[in-house]
Amino acid sequence: MNLYNKIRKELEEKHYDDTITKIVLIYIRLCEKIQYDDRWRYAEKTHNNEILDELFNQEINIYDTETLKTVCHGFARAYCQLANELLSFDQNYDISLTKGSISHEFIETYLTDGTIIEIDPFSNPTAISDLLNVKKGLSPAGISISNSPEYNDEYRKEKALHLINYKNNNLYIKYLQLLKKELLKEKRCTPEKINELFHFFKDTSNFTGLGIKEVQELFYLTITEITNCVPSELHVYKKELYNSITQKVNYLYQIPIDSENDEYFTLEEKAGNITWEQVKKPIKEYSNRKNSL
Numbered sequence: 026m027n028l029y030n031k032i033r034k035e036l037e038e039k040h041y042d043d044t045i046t047k048i049v050l051i052y053i054r055l056c057e058k059i060q061y062d063d064r065w066r067y068a069e070k071t072h073n074n075e076i077l078d079e080l081f082n083q084e085i086n087i088y089d090t091e092t093l094k095t096v097c098h099g100f101a102r103a104y105c106q107l108a109n110e111l112l113s114f115d116q117n118y119d120i121s122l123t124k125g126s127i128s129h130e131f132i133e134t135y136l137t138d139g140t141i142i143e144i145d146p147f148s149n150p151t152a153i154s155d156l157l158n159v160k161k162g163l164s165p166a167g168i169s170i171s172n173s174p175e176y177n178d179e180y181r182k183e184k185a186l187h188l189i190n191y192k193n194n195n196l197y198i199k200y201l202q203l204l205k206k207e208l209l210k211e212k213r214c215t216p217e218k219i220n221e222l223f224h225f226f227k228d229t230s231n232f233t234g235l236g237i238k239e240v241q242e243l244f245y246l247t248i249t250e251i252t253n254c255v256p257s258e259l260h261v262y263k264k265e266l267y268n269s270i271t272q273k274v275n276y277l278y279q280i281p282i283d284s285e286n287d288e289y290f291t292l293e294e295k296a297g298n299i300t301w302e303q304v305k306k307p308i309k310e311y312s313n314r315k316n317s318l
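Rendered as structure tokens:
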């Protein structure tokens with residue numbers, strides 16, 4: 026896939042006059058295609074410098090994108106390359122630069138009129154990244170505009186999203202609100218209801234285009250929106266696992282069945298598809314609720 030040509034053709038066809046609209050388009054299209062490489066979080070926790078170095082130095086080829094998985098560093102560099110090349114003839118565009126540190130990198134874009142646009146798809150304090158928000162049509166949180174001489178900064182962002190026809194309608198949140206009314210008619214979030222919610226999410230959710238971290242975020246969002254509780258308060262836990270053969274991170278989830286019993290599922294990515302598989306044999310070390318994942 027040639028990301029550069031895809032976005033260039035869209036910019037040429039739409040003839041956008043506003044520079045911020047062009048910037049938002051580049052950002053949204055990049056978020057649609059990129060998935061987070063969860064090995065970074067694992068490597069940070071285990072101090073695996075080999076994986077950290079690999080991911081930090083990873084580059085996304087915007088002309089021939091084979092690997093869609095990256096972390097903040099790869100995203101920031103890909104965005105800067107796209108913006109600096111695609112907008113080089115825009116009179117109001119100056120430059121995009123990466124900022125931050127080894128632990129986290131983001132972007133600042135400068136316009137000649139003084140406007141500064143901070144771009145960070147991983148900036149959301151609720152831990153829901155724009156890699157998920159954009160794929161699910163939720164409000165993107167990673168674009169911050171300041172020092173704009175013309176309009177209210179938030180208005181300029183919303184106007185740009187409207188101009189590129191971004192479906193910022195929060196349909197998934199509205200869907201969860203309807204599901205909440207149906208699932209929690211008695212206003213009580215019992216272990217049985219949590220089990221029902223998990224299986225409904227696992228069996229009916231559309232994971233197309235999502236990586237394993239985005240699926241985790243979607244599950245977290247679903248749980249918190251419906252129950253107003255974080256998963257751990259409901260005895261829903263996960264354990265991070267790393268397969269040294271496949272060099273992939275997967276997760277073991279503990280889900281309550283009732284007030285005394287749990288069941289276990291692995292969340293994995295196989296051949297580009299997200300899979301949930303039940304662990305049928307009891308896991309002795311986690312059989313007691315006091316020893317939750």
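Following the working numbering, the numbering of the sequence shown begins with 26 at its first residue and continues without gaps. The C-beta atom is built at its ideal place from N, Cα and C for all residues, glycine as well.
DSSP three-state assignment for residue i, whether helix, strand or coil
i	result
S269	coil
L292	strand
P256	helix
I170	strand
L204	helix
T247	helix
Q241	helix
Y262	strand
I32	helix
Y276	strand
Y88	coil
P165	coil
Y191	coil
Residue i - partner residues in DSSP beta bridges
i	result
T123	I132
E302	T291
Exposure label - residue i; buried when at least 16 CB within 10 Å
i	result
Q279	buried
K124	exposed
F147	buried
H40	exposed
D78	exposed
K295	exposed
Y289	buried
T71	exposed
G297	exposed
Q60	buried
T134	buried
H98	buried
N286	exposed
Q241	buried
Y118	buried
E239	buried
R64	buried
R325	Here the chain comprises residues numbered 26 to 318, so residue 325 is not present and cannot be evaluated.
V261	buried
A152	exposed
Residue interval of the alpha helix (DSSP H) (run including residue i)
i	result
E75	N74 to F81
N195	Neither: N195 is in no alpha helix (DSSP H) and is coded neither H nor E.
E179	D178 to L188
E110	C97 to L111
L157	D155 to N158
Terminal residues of the beta strand (DSSP E) in which residue i lies
i	result
I219	Here I219 belongs to no beta strand (DSSP E); instead the alpha helix (DSSP H) covers P216 to T229.
E143	I141 to I144
Residue i: CB within 7 Å of a non-hydrogen atom of the ligand GDP
i	result
L246	Ligands in the displayed structure: none, and consequently the ligand GDP is not present.
Taking only runs that begin and end inside the region 34-75, name each unbroken beta strand (DSSP E) of 3 or more residues, in chain order. Counting only runs of 3 or more, we get nothing.
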